[in-house]
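Protein chains in written order, with this note's numbering: chain A, 28 to 355; chain B, 28 to 355; chain C, 2 to 332; chain D, 2 to 332.
Worksheet: the structure to be examined is printed underneath.
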Amino acid sequence: MATDTYLNAGRRAVIEEMQRDRAVWALGEDLGRGGVFGQYRDLQGMFGADRIADTPISEACIMGAAVGAAMTGTRPIVEMRFSDFALCAIDELVNQAAKARFMFGGQMRVPMVVREPIGMWRSSAAQHSQSLESWYTHIPGLVVVAPATPADNLGLLKSAIRNDDPVVYLEHKNLWGLEGELPDGEHLVPLGKADIARHGDAVTIVTWSGMRHACLRAAEALATAGIEAEVIDLRTLWPWDRETVFNSVRRTGRLLVVQEAVSVSGFGAEIAASVAEALHHELKAPIRRLGAPRIPVAYAPALEDRARVGDAAIIDAVRGLVAPCPAN
Amino acid sequence: MATDTYLNAGRRAVIEEMQRDRAVWALGEDLGRGGVFGQYRDLQGMFGADRIADTPISEACIMGAAVGAAMTGTRPIVEMRFSDFALCAIDELVNQAAKARFMFGGQMRVPMVVREPIGMWRSSAAQHSQSLESWYTHIPGLVVVAPATPADNLGLLKSAIRNDDPVVYLEHKNLWGLEGELPDGEHLVPLGKADIARHGDAVTIVTWSGMRHACLRAAEALATAGIEAEVIDLRTLWPWDRETVFNSVRRTGRLLVVQEAVSVSGFGAEIAASVAEALHHELKAPIRRLGAPRIPVAYAPALEDRARVGDAAIIDAVRGLVAPCPAN
Amino acid sequence: MDNAHNLDRKRFGAVFALMHRIRAFEEAAIAAQKEGLVLGAIHPSIGQEAVAAGVCCNLQSADLLLSTHRGHGHTLAKGADPLAMMRELFGRAGGTCGGKGGSMHIADFGVGMLGANGVVGANIPIATGAAHGLKLQGSKQIVACIFGDGAINRGPFLEGLNWARVFDLPVLFVCEDNGFSATTRTRDMTAGAGAAARAQSLGIPAVEVDGNDVLAVDAATRTAIDDIRAGKGPVLLHCRTYRITGHTAVDPALYRPADEVEAQRGNCPIARLGAALAMAGMEPDALAATAQQAVEEMTAIAAKARDTDWPDPMAAFSDVQDMGDPRERAF
Amino acid sequence: MDNAHNLDRKRFGAVFALMHRIRAFEEAAIAAQKEGLVLGAIHPSIGQEAVAAGVCCNLQSADLLLSTHRGHGHTLAKGADPLAMMRELFGRAGGTCGGKGGSMHIADFGVGMLGANGVVGANIPIATGAAHGLKLQGSKQIVACIFGDGAINRGPFLEGLNWARVFDLPVLFVCEDNGFSATTRTRDMTAGAGAAARAQSLGIPAVEVDGNDVLAVDAATRTAIDDIRAGKGPVLLHCRTYRITGHTAVDPALYRPADEVEAQRGNCPIARLGAALAMAGMEPDALAATAQQAVEEMTAIAAKARDTDWPDPMAAFSDVQDMGDPRERAF
Ligand SMILES: Cc1ncc(C[n+]2csc(CCOP(=O)(O)OP(=O)(O)O)c2C)c(N)n1
Ligand SMILES: Cc1ncc(C[n+]2csc(CCOP(=O)(O)OP(=O)(O)O)c2C)c(N)n1
Ligand SMILES: [Mg+2]
Ligand SMILES: [Mg+2]
């Protein structure tokens, strides 16, 4: 076990998979100088400029070229820099990468991983702060992954690279510096399996990405008041781990979904709707969702914070959920 | 009152608003020859090539130019041909049009209407059949409209053109030929107000766009068995008419949401989650959602039909909802 | 066609047959659509066969091709099975894509045909990336990417060509210029001197040819491909042709004067090659027989395709993705 | 600078002051960032001031400007209030965008500055559309659109320039070529002869100038704008310059040799104009005073900005949209 950052965990995943499989390569802007956050630091030296490829500022072509390169037997890792810029390549991702295998009747697959750093990162404002994971979960053909810890970033990115279909891989910018233990040796985390980050039986909190940590902090605070929350970090958003979530909600009877993204039509709505459909009779209180209001992310901290789900909001929501049910 | 088609209703809306306000103009591919479905037939003759502007096949620039033209005092109607092609212009819509007013601190507005025909239209396959309305409802700054009848296409498109913020206006390709009564004289339908297409008290069906008609057919079939369903056509998806939906669900205690789009993270999830949160204690049965499975739309009819919500599925779902609640 | 007398009769006899087969395939498809057998839109390339034939007869079978919504000719020329293609248009089992794609999404990876595309210009970055993938693997294969004149106004044209030159990739870009972008005259919406000038501004050599002269297309393609195979990087070929039919098979194309179309009918690339072959000594009977055979082949294929079963509806749930496959849940 | 002796001292004295003010504004901002006062990333344009000044001194106040993430200089040159700008960088009330945008989203519609942009190249279609809107309304205003050398590899560059030519719009496209796209040498990722060649291939006249010579930038801009105002349509100006600072204020820019940067420091556009003014007879004291005044102005502004209130947090909910405004619901 060694302690390392979320950023370096992703870097290690790329190194290990590139060493393991010559077909794997990465492409994106500035990769030769380590990428915008240092995720690819020194990798061009290790693997050469062919396999850690600098590209023009041509997002549509980065994504489209990856589709073509995946069709010809390579396994590209696409670096989009900020998930916001992936909007310049959405046709290539949604109409091409995601659909090709199906449209062409299963003649081939499109194995590619699209790394799109998401989330609020102090004062990055409206074009560098978005979390659009719910969009991708809506698109047939895509796998959607959002790691929250260093170990998961290592193990999930490795699994994503080995996956034979396009994976949208959403790292959270605010987690780059987060430290945690990384297992020695090969560490694979299976796609589609949630992590029960904390056990509890008073309420089930379902979350992912950066909000895992806020939920855990809130849960610790609640524990001091005797409320034991179970915190489930989905890790993979499509396919999401219905079984783990449903089992927990069956036990607790209470569900809070916590997301950083805009709540309206966020992925939290899918979780909430699914649980409402399947477990209505087992719920002891109405499901609650927390997420950002439907506003762009502002630059000034006090304004930006209005788009953040704070620990206090989570604590309040849990308290509301476990309060005795009002007569109705 | 005159009977006319959904297509012509939209055309009339454009004519009336262009006559009313010189700032209104339309831009898109092939508009001079009427547009791909004839929505702009003869309009270039009436208004000239400046105001019914043919464009290159440059979706990003069509959308981006509309943003700039809206900033300089005109009110562009952007024709995207198929909503699928709007994916080539998503940065311009989401990062620019939707956010400009906010990012720039309210210095100006971006009044533009983006017409994006959606939906399945026999054997149009995976790149010409999508319904991505839930994406747009997730984006702060956008208004989202999806008319289902000729009268609504007239009245909503006129309201959309008069709206001062960007409106994503989703006509359904399969409805172009649908006939209905159009009021004489000025007919405005307010944005944000649902239409109770059918009254009933056994169950509330919430739907929009093409599925309105399937829901009404299903409701008629159910009525012969004594089940009176209320059918609410949202018409505007953002802001959606919570009051009308909540009032109905309070009365019926049962909710079915019916959408053509992929169910996973479709807009139906938002409706279902909102109702589950707000009206849990008033529900007599678990909420049900119907939508497409998470598959691309195929070309062959028998395969394409697997992505369609048929009348029978709606009838079944309603029957399930009104059946006596299983012991739990 | 100065060199008609020393024409390679074997080679161009085959090209002539191919062009007839393309024409006959599309005429059979248009007829089938009138009967309701073709289920979605089709975009015929009647009058444009010299581009498909002249380009693809220079591709090896391991080479790759990316095409457009107007791709039947390209696909046939790359060696795809017309019966499987017709079945695809009819939405039947045994179609090239199992009935999932239809005309705009025909692909046949078995013959190196990596897909038509429903999004104008989207094939350009994909082709570029396919060439990038080949180059990374040290392959000797090349990629051809055919797109319309309308596509050069889309951003991916710039991004793909710039990329192909920056990485010196083995791609032949072919602008199949039929003068129209759907119902719009492309020149009215296109600034500057066109595809070749744009390519040259990106450092990519470009050649303009009469796209209705298959001998010229063939010669230009051969030279271009020799350079590409020699590692010189991408080349663009701009072929001027004309679309005799409408944008789709049901488009009456009233936006262009009848005499313009009539004049262009007189410039038929198949007839022109026929004349050259005749001049080179090929018998009129042999020429007529080639045409006849093509019609018979495609008529028989259409008949066979109509007798084919529909695909299993449950196929709608397969080929989506391995993880999170929709078949894991019932619908 | 052959014509230094008959330099318009009044005009270029003002330009000189403007360039100093831009430099001083950014130096004040960099210093403030070190103190934690600037909240988000800033992209200084130190060394590039001649482009902002030389272009914008030819714009009338009714003319419009669209800029990039590296837009402080352009914005100041268009006439925006530096105090409001500094407040915006500090995220304060009274910022140009009320603290909602920050450095990358500064806009000041009051002086015709229609926005910086966080998406490379996205300003090109918007500028084109702004010009389209002006033309539709019969306005005499023109639009200037400044973008980096990296932006010419994005699709919107092609789409926007093609569009501007097709509709003969009054836009001046300015490629502010500092040699770098973030940490990448742009030439390594750019095929062909660059921005001017690409513009010319689209039928747009293009001029290349030494972007560190404000006299040259001014002269080229004036000629271009004369043509644009005369209704001749778009022109592209390619200005070669150099970015002395890193990509952002915190980038040490180790990816380039120190001697390269040193040599470029010796090519300072402000010093060059100063020398020309001196040769034209301006007193050394006057020159020094100009520099000094700029520093004093911006230092005072930074001090004032730091004393400004934070915006009302509830402003986060305003300016989103009228229908479906988030304020309709409580959060
Ligand atoms: C991005 C995009 N925009 C618009 C369309 C609609 N469309 C289909 S074909 C076509 C015309 C294309 O013209 P061209 O590239 O010259 O090809 P041609 O049809 O002439 O072969 C258009 C506009 C599309 N499929 N994709
Ligand atoms: C579409 C897009 N891709 C990538 C980025 C990240 N990015 C910000 S600035 C920059 C470099 C831009 O280079 P250039 O256009 O030359 O402008 P400069 O920074 O040199 O002024 C990049 C890649 C972005 N903002 N937008
Ligand atoms: Mg064409
Ligand atoms: Mg630059």
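Just so you know, even glycine gets a beta-carbon here, dropped at the ideal spot from N, CA and C.
Go ahead and label D/Ala287 buried or exposed: buried means 16 or more other beta carbons lie within 10 angstroms of its beta carbon, across all protein chains shown.
Flag for D/Ala287 reads exposed.
Start and end of the alpha helix (DSSP H) containing A/His214?
Note, A/His214: premise wrong, no alpha helix (DSSP H); not H, not E.
Stretch-stretch touch, CB-based, cutoff 8 angstroms, three pairs: the region 98-107 of chain D with the region 325-338 of chain A
yes
At a cut of 8 angstroms, does the region 149-156 of chain C reach the region 81-91 of chain B through at least three beta carbon pairs?
Proximity of the region 149-156 of chain C to the region 81-91 of chain B meets the contact definition, three or more beta-carbon pairs being nearer than 8 angstroms.
For the candidate residues A/Ile342, A/Ile166, A/Gly72, whose alpha-carbon lies nearest to that of A/Val194?
A/Ile166
Compile a chain-ordered list of the residues in the region 161-172 of chain D whose CB is closer than 7 angstroms to at least one CB of chain C.
Asn163, Arg166, Val167
Give me the DSSP bridge partner(s) of D/Cys240.
D/Glu177, D/Val210
Let me have the residue list for ligand 4: C-beta closer than 6 angstroms to any non-hydrogen atom, ordered along the chain.
Those residues are D/Gly149, D/Asp150, D/Gly151, D/Asn179, D/Phe181, D/Ser182, D/Thr187, given in chain order.
Would you kindly work out how many angstroms separate the C-alpha atoms of C/Met190 and B/Asp57, rounded to a whole number?
Approximately 11 angstroms between the Cα atoms of the pair.
At least one CB of chain B closer than 8 angstroms to the CB of C/Phe332: is that the case?
Any answer about C/Phe332 is weak, because its pLDDT of 47 lies below 50 and its placement is not dependable; what the coordinates show is given next. Output row for C/Phe332: interface = yes.
At the level of alpha carbons, what is the spacing between D/Ala54 and C/Cys57?
Going from the Cα of D/Ala54 to the Cα of C/Cys57 covers about 54 angstroms.
Secondary structure at C/Ala94, three-state DSSP: helix, strand or coil?
Looking at C/Ala94 - three-state DSSP - the assignment turns out to be coil, as it is neither helix nor strand.
Consider the Cβ of B/His199: report whether some Cβ of chain C lies at a distance smaller than 8 angstroms.
No - not a single Cβ of chain C is within 8 angstroms of the one on B/His199.
C-alpha distance - A/Ala97 paired with D/Phe26, whole-angstrom precision:
48 angstroms
Counting pairs of Cβ atoms below 8 angstroms between the region 73-80 of chain C and the region 109-126 of chain C, do you hit three or more?
Output reads yes: the region 109-126 of chain C touches the region 73-80 of chain C.
Outcome for A/Gly146 when other beta-carbon atoms lying within 10 angstroms are tallied against a minimum of 16:
buried
At a cut-off of 7 angstroms, would you count D/Thr191 as near ligand 2, judging by its Cβ distance to the nearest heavy atom?
no
With a threshold of 8 angstroms between beta carbons, is A/Leu183 in contact with chain C?
no
Contact with chain A by C/Met324, beta-carbon distance below 8 angstroms
Answer yes: the Cβ-Cβ gap between C/Met324 and chain A drops below 8 angstroms somewhere.
What residues match up with D/Cys146 in a beta bridge as DSSP calls it?
D/Leu67, D/Phe174
On the DSSP letters alone, give me the boundaries of the beta strand (DSSP E) that B/Ile259 sits inside.
256-260
Residue range of the unbroken beta strand (DSSP E) whose run includes C/Pro314:
Per DSSP, C/Pro314 belongs to no beta strand (DSSP E) and is neither H nor E.
Host alpha helix (DSSP H) of B/Leu70 (start-end)
Per DSSP, B/Leu70 belongs to the alpha helix (DSSP H) from 70-74.
What in chain B is Cβ-close to C/His106, meaning under 9 angstroms?
Ala152, Ala153, Gln154, Tyr326
DSSP state of B/Pro103, grouped into three classes?
strand
Local conformation of A/Ala33 per DSSP, three classes
As written in the sequence, residue 33 of chain A is Tyr, which differs from the Ala given in the question. Correct three-state label for A/Tyr33: helix.
Is the closest heavy atom of ligand 2 to the C-beta of A/Arg60 under 7 angstroms?
no
Inter-residue spacing [alpha-carbon to alpha-carbon] between B/Ile298 and C/Val262:
C-alpha of B/Ile298 to C-alpha of C/Val262: approximately 54 angstroms in a straight line.
Counting Cβ pairs, one atom from each stretch, are 3 or more of them under 8 angstroms apart for the region 306-313 of chain B and the region 283-303 of chain C?
no
Run the CB neighbour count on B/His226, radius 10 Å, all protein chains shown included, and call it buried at 16 or more, exposed below.
exposed
Using a Cβ-Cβ cut-off of 8 angstroms (strictly less than) and excluding sequence neighbours within five positions of C/Ile229, which residues of its own chain qualify?
Ile143, Pro171, Val172, Leu173, Pro235, Val236
For the region 193-213 of chain C and the region 156-165 of chain C, state whether three or more C-beta atom pairs, one from each stretch, are separated by less than 8 angstroms.
yes
Closer than 8 angstroms is the cut-off here; do at least three beta carbon pairs connect the region 81-88 of chain D with the region 296-313 of chain D?
With a cut-off of 8 angstroms on Cβ pairs, the region 81-88 of chain D is in contact with the region 296-313 of chain D, counting three or more such pairs.
Within 10 Å of its beta-carbon, does C/Ala30 have 16 or more other beta-carbons around it, so buried, or fewer, so exposed?
buried
Measuring only the C-alpha atoms, how far is D/Met324 from C/Ala301?
60 angstroms
According to DSSP, A/Gly207 sits in a beta bridge with which residue or residues?
A/Asp31
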